[in-house]
Each structure stands twice: as structure tokens, then as C-alpha cells.
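Take a look at the structure below.
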Amino acid sequence: MTLVAILFALASLVWMIPLLRSGRYIQLATLVLALGTFFGPDFYAIDGPIQISIDRVLFFVLVALAFVGLRLEMTKLPEFNRLDWLVIAMVAWFGWSAMTGGSNPPGTPPMARWIFYIAMPAAMYFIPRMVSIKTCDVRWILTGSIVMGIYLSVTAVFEIKGLHGFVFPRYIVNPDNWEFFGRGRGPLMNPSGNGILISMGLTAAAIGLIKSRRERRLFYSVVVACLLVGVYATLTRSAWMGGIAAIGIVGFVHSPRWVRVMSLGVAVLIVGIASTSLKDKIFRLKRDENLSAADSEKSVKLRPLLAIVAWEMFKDRPITGHGYGHYEIKHRTYHDDRGYKMPLGQARPYTQHNVFLSILVDTGIIGLVLFSAWFLSTAAIAWKLSRDGSACQESRSVGLVMMGTMLAYLCNGMFQDATIIPMVHMFLFFGVGVTVTTMQSGVATDSAGQRVANHRRQSGTVAADPARA
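For the sequence shown, my numbering begins at 58 and goes up steadily by one.
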């Protein structure tokens with residue numbers, strides 16, 4: 058395996074050379090993201106105080122190339138705006154929280170968690186901030202999201218059907234790693250993370266379905282159906298919600314006002330019916346091979362217990378929190394509280410199942426305010442970009458894909474600590490960087506993009522936006 062990993066890393070570097078020579082840093086970044094998804098630490102890693110894997114080595118190579126680009130005038134430092142400073146402040150506070158939280162808990166050291174889940178994603182955010190976004194970059198991102206989503210969907214179906222011989226990489230179906238085994242957990246080994254990435258591709262495919270010419274709509278219809286099956290194959294309720302929200306936001310933006318109002322009413326009606334007649338079946342759904350239907354229902358009942366523990370921990374350290382990455386060692390005594398007359402001890406083996414509660418407990422109000430401000434500001438920028446009728450189609454697509462991804466992240470983050478799902482923050486921060494740069498500087502039209510725009514005008518495919526009707 059070591060020889061295979063070395064050869065694969067060398068081959069990846071060879072692929073990066075022509076991209077670097079042409080200044081295609083967005084393509085380089087997406088290549089690193091794809092490699093991190095499929096060939097991350099679960100594929101091959103060197104253990105130590107800080108775990109080293111193929112994707113992490115290539116990431117630092119990418120960062121080094123970005124600084125080399127400054128010297129060669131292929132990249133430039135961005136004009137810092139409020140969101141840039143917010144990212145820097147969040148990284149600094151989370152890092153300080155990790156360093157000052159006390160003794161390290163068993164498992165992943167807090168500083169390693171900060172590096173891999175906060176600092177590296179923030180660096181990935183600044184890669185697109187240092188370059189101009191071109192139409193070819195947007196097409197690359199949209200196409201890459203769809204292709205990855207199809208792969209993850211097909212793999213997820215193979216997982217739940219037991220067709221393990223068709224699954225690659227092989228570690229996905231290793232029964233020794235029992236958590237979520239039997240669900241569509243994908244190369245991230247987490248069905249919620251898998252659902253977020255598939256939902257990102259689902260958003261891009263839904264945009265293609267609406268914006269493409271008539272002869273290509275059948276293709277995109279098949280792709281959308283495939284991705285919806287992939288979301289279902291995660292067998293995870295929050296992933297289902299995220300997939301529905303992702304495809305729903307595309308329909309919401311591109312539909313006439315009366316359709317949006319009617320769709321909202323129908324959605325509320327469906328949710329009401331499902332919550333009454335299908336609630337027991339959904340809660341008792343058997344998902345993991347090692348998890349019974351009763352255990353599945355029990356996992357739902359754990360969340361109020363975890364919320365109580367989070368509340369008690371928050372009351373003790375409301376401003377600064379208990380230290381980023383220190384929950385594993387700081388939460389133990391809070392399960393012995395008998396004042397609630399609830400079995401808090403049942404939640405002892407689990408981490409927080411809500412991204413906002415997790416951040417609040419670890420980093421306090423300061424960390425939660427920084428994270429929430431970053432998240433809401435990004436959502437506002439993405440929404441404004443997707444609704445800007447004067448912007449080009451590529452710019453609006455960037456905003457819409459970001460909205461779909463953030464909705465999927467939010468739906469999953471309400472029931473999982475999405476900050477510690479491998480690669481999810483790398484994708485999220487990179488998407489935010491692309492969105493902010495697009496909002497600030499627009500999308501530069503390359504020669505290929507100009508030909509596409511001319512063809513659209515000649516064929517009349519650029520019609521009035523029905524959402525403005």
C-alpha cells in the first residue's frame with residue numbers, strides 16, 4: 058500500500074504541473090479536493106502527532122504553489138473585505154481555544170483537529186480569493202460536482218445493496234470500521250458528509266436541467282434522478298432533508314412567484330402529513346447493519362439529552378467555552394446530574410449532535426457568534442448573487458450552488474457535528490471563497506466562454522428569468 062500511495066502521489070504531482078503552468082489554480086484546488094475525498098487518511102496515512110496523508114501533502118503543495126504564483130504574478134493578494142477578516146478572526150479564536158483548553162483528550166489532539174478542520178479549510182478559502190474566476194472555472198466546478206455526485210450515488214447504492222465488489226476505494230466497505238456500515242457512507246465514511254457532497258452535485262445538475270437546451274434536458278433529468286437515489290441511499294434523515302432543500306432552492310429561484318407560493322404550501326402540507334402518519338416508520342428505520350430499528354429510534358432520543366449536557370456546560374463557561382476539541386474530556390461529569398430526572402448517562406459515549414451546540418460548548422459565545430456571522434454573511438452573498446438578474450449565468454450558478462450546499466450543510470449540521478466530518482469544511486470554505494470572489498469581481502469571460510455566450514444569444518436560449526415574472 059505504501060508503494061501504491063507514493064506512486065499515486067507522484068502521478069498527481071505530474072497532473073498538477075500543466076495546470077500550474079496555465080495558472081489554473083481553481084482546477085488545482087478542485088483536484089486536491091477530489092483526491093482528498095477518495096484518497097484521504099482512510100486510504101493511506103502515516104500516523105503520528107499529526108496524521109499525514111496523500112491529500113494533505115498535496116494541499117500544502119497547492120498552498121506553496123499559490124505563494125509561488127505571487128512571485129510570478131499569477132496570483133495576487135485579495136482586497137480584504139469583512140468576510141475575509143471574519144474568517145481570519147474565526148481561525149484565530151478557534152486556534153486559541155484549542156491551545157488554552159487544558160490537557161488533551163484521548164484520540165485526536167485539539168490542535169490537529171484545528172489544523173485539519175478549521176485552518177486548512179480557511180487556507181482553501183483564500184485560494185480562489187487570490188485569483189480571478191473565469192467561465193471555464195465555473196464550468197469545471199459544476200461539471201466536477203455532478204461527476205463526483207454520480208460516483209458517490211452509485212457507490213452508495215452498491216453499499217446498501219451489498220454489492221461490495223463494485224465499491225472503490227475498498228476501505229469504504231471494510232466491516233472492521235463498523236460505524237455507519239450498511240449505509241451509503243461513501244469515501245468520507247459518513248453518510249451525512251456523503252449526503253452534503255451529493256447535494257452539491259444535485260444543485261449543479263438541477264441548474265443544468267433548467268438552463269440547458271431541450272435536447273439535453275433528458276440527460277440532466279436522468280442525472281438528477283440518479284443523485285436523488287444517491288441521497289436516499291445514505292439512509293440518513295438529515296441527508297434527505299439536505300437533498301430536498303438543495304434541489305428545492307433551485308426550483309424556488311427559477312419559478313414564477315405563484316408557483317413558489319403554491320410549492321411552499323404543498324411542502325408544509327407534505328411535512329405535516331409525514332410527521333403524523335410516517336413519523337414512527339421514519340424514526341424506526343433500520344439503517345446500519347449493526348443497528349436495529351429500535352436502536353435507530355433510540356439515537357433520535359439521545360439528542361435532547363445531548364442538548365441538556367450542552368446547556369449545563371454552556372452555563373459554566375458561556376463566553377469562551379471549554380476549549381475547541383476538548384469536549385471528549387470536559388463533558389464527562391455533566392452526565393451525572395440528577396436534577397433533570399433523565400438518563401443523561403446514555404449520552405456519555407457520544408459527541409454533540411448539533412454543529413451550533415458543539416461550537417457553543419467548545420468555543421463559547423465568541424466562537425458561535427463568529428461562526429454564525431460567517432455562515433449568515435455567506436448565505437446572504439450567495440442568495441444575492443443567485444437572484445441578481447443583471448449577472449451572467451455563470452455568476453448566478455455559483456451563488457445557487459453555494460446556497461444548495463449551505464442548505465445541505467445546515468440540514469445535516471442540525472443533527473450532526475458537521476465540523477468534524479472529513480473534507481466537508483474543505484469543500485464549504487472553497488465554495489465560499491469562489492462565491493465571494495465572484496460577488497466582488499464577477500466572472501471573467503475566456504475565449505471558450507465568449508463562444509458559448511454568443512451561441513446562446515444566437516440560439517435564443519437566454520430567456521427572461523421566470524422568477525422575475
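All C-beta atoms, glycine included, are put in the ideal place defined by N, C-alpha and C.
Since the structure is predicted, the reported quantities are computational estimates derived from the model, not experimental observations.
Considering only residues of the same chain and omitting the five flanking positions on each side of K336, which have a CB-CB separation below 7 Å? Residue placement at K336 is poorly supported in this model, since its pLDDT is 47, which falls under 50; the coordinates still yield a value, given next. For K336, same chain residues with a beta-carbon under 7 Å away, outside a window of 5 residues either side, do not exist.
Opposing strand residues paired with R240 [DSSP bridges]: F238
Since I16 sits in a beta bridge, which residues does DSSP pair it with? Residue 16 is absent from the model: the chain starts at 58 and stops at 526.
Need the endpoints of the alpha helix (DSSP H) that F276 sits in, please. 271–290
How is S110 classed by DSSP in three states: helix, strand or coil? Strand, per DSSP.
Closer than 6 Å by C-beta to G499: which residues in its own chain qualify, once you throw out the five before and the five after it? Chain order, please. none
Kindly indicate which residue of I267, I255, S415, R294 has the alpha-carbon position closest to the one of Q450. Nearest option by C-alpha distance: I267.
Measuring straight from C-alpha to C-alpha, what distance separates L425 and M156? 18 Å
Please report the distance separating the alpha-carbon of D194 from that of K441. 20 Å
One or two residues paired with A102 in a DSSP bridge: For A102, which the question treats as bridged, DSSP gives the partners S110.
Would you give the residue range spanned by the alpha helix (DSSP H) that I145 belongs to? 139–156
Considering Cα atoms alone, identify which of Y407, V418, I365, I376 is closest to D394. Scanning Y407, V418, I365, I376 for the CA closest to the CA of D394 turns up I365.
Taking just the CA atoms, how far does R273 sit from V148? 43 Å
Express the C-alpha separation of M370 and F117 in angstroms, rounding to a whole number. 36 Å
For A448, name the three-state secondary structure that DSSP assigns. coil
Among residues of its own chain, excluding the 5 on either side of I339, which ones have a beta-carbon nearer than 6 Å to its beta-carbon? Since pLDDT at I339 reaches only 47, below the 50 mark, its modelled position is unreliable, and the value read off the structure follows with that caveat. Cβ within range, chain order: n/a, list empty.
For Q409, which of helix, strand or coil comes out of DSSP? Note: Q409 maps to coil in three-state DSSP.
From this set, D474, L245, S447, which residue's C-alpha is nearest L90's C-alpha? L245
What does the alpha-carbon distance come out to for the pair R389 and T476? 21 Å
Using the C-alpha atoms, what's the distance from P232 back to R139? 46 Å
Can you tell me the Cβ-Cβ gap for I207 and V280, rounded? I've got them flagged as a contact below 8 Å. That pair is a contact at about 7 Å.
Can you find the residues in the same chain that come closer than 7 Å, C-beta to C-beta, to P361, ignoring five residues on each side of it along the sequence? None.
Assuming F151 and T377 make a contact with CB atoms under 8 Å, what is their CB distance in whole Å? The Cβ separation is near 12 Å, so there is no contact.
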